[in-house]
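In our numbering, the protein residues as written are 705 to 801.
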């Protein structure tokens, strides 16, 4: 199923962290500190929100951009068995270049 976000919302696929293993094969629990942003790839974007005078403000991100978002930002959704995060464009901290 395809999804087109509305207004200034952005659908992001967040990169999962690599799990650490011991030499014996045990998986070590890792927790990302709350202040560290998550990296992800923009999957889909809305068309932008409207300004008070009625003109559309274009989006600054586009599909395929690598972005940084705050941990806990947006709503986690499952789409076609894949976990994605739906955030407002203002919740994106920056575009990785």
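The C-beta atom is built at its ideal place from N, Cα and C for all residues, glycine as well.
Do residue 748 and residue 772 come within 8 Å of each other at the CB atom, strictly closer than that value?
-> One-based indexing of the chain shown puts residue 772 at position 68. One-based indexing of the chain shown puts residue 748 at position 44. Going by C-beta atoms, residue 772 is not nearer than 8 Å to residue 748.
Could you name the residues of the same chain whose beta carbon sits closer than 7 Å to that of residue 781, not counting the 5 residues immediately before and after it, in chain order?
-> Against the chain shown, residue 781 aligns to sequence position 77. Cβ neighbours of residue 781 beyond the five flanking positions: 788 and 790.
Please name the residue, chosen from 793, 762, 784 and 794, that lies closest to residue 706 on a Cα-to-Cα basis.
-> Numbered from 1 along the chain shown, position 2 holds the residue referred to as residue 706. The residue with the shortest Cα to Cα distance from residue 706 is 784.
Report the residue from 757, 765 and 758 whose alpha carbon sits nearest the alpha carbon of residue 750.
-> Reading the chain shown from its first residue, position 46 is the one you call residue 750. Selected option, being the one with the closest Cα: 765.
Express the C-alpha separation of residue 752 and residue 792 in angstroms, rounding to a whole number.
-> Position 88 of the chain shown, counted from the first residue, corresponds to residue 792. Position 48 of the chain shown, counted from the first residue, corresponds to residue 752. Each residue's Cα considered, the two are about 10 Å apart.
8 Å Cβ shell around residue 797 - same chain, five flanking residues per side excluded | In the chain shown, the residue the question calls residue 797 occupies position 93. Only 741, 771, 772, 773 and 774 meet the Cβ criterion.
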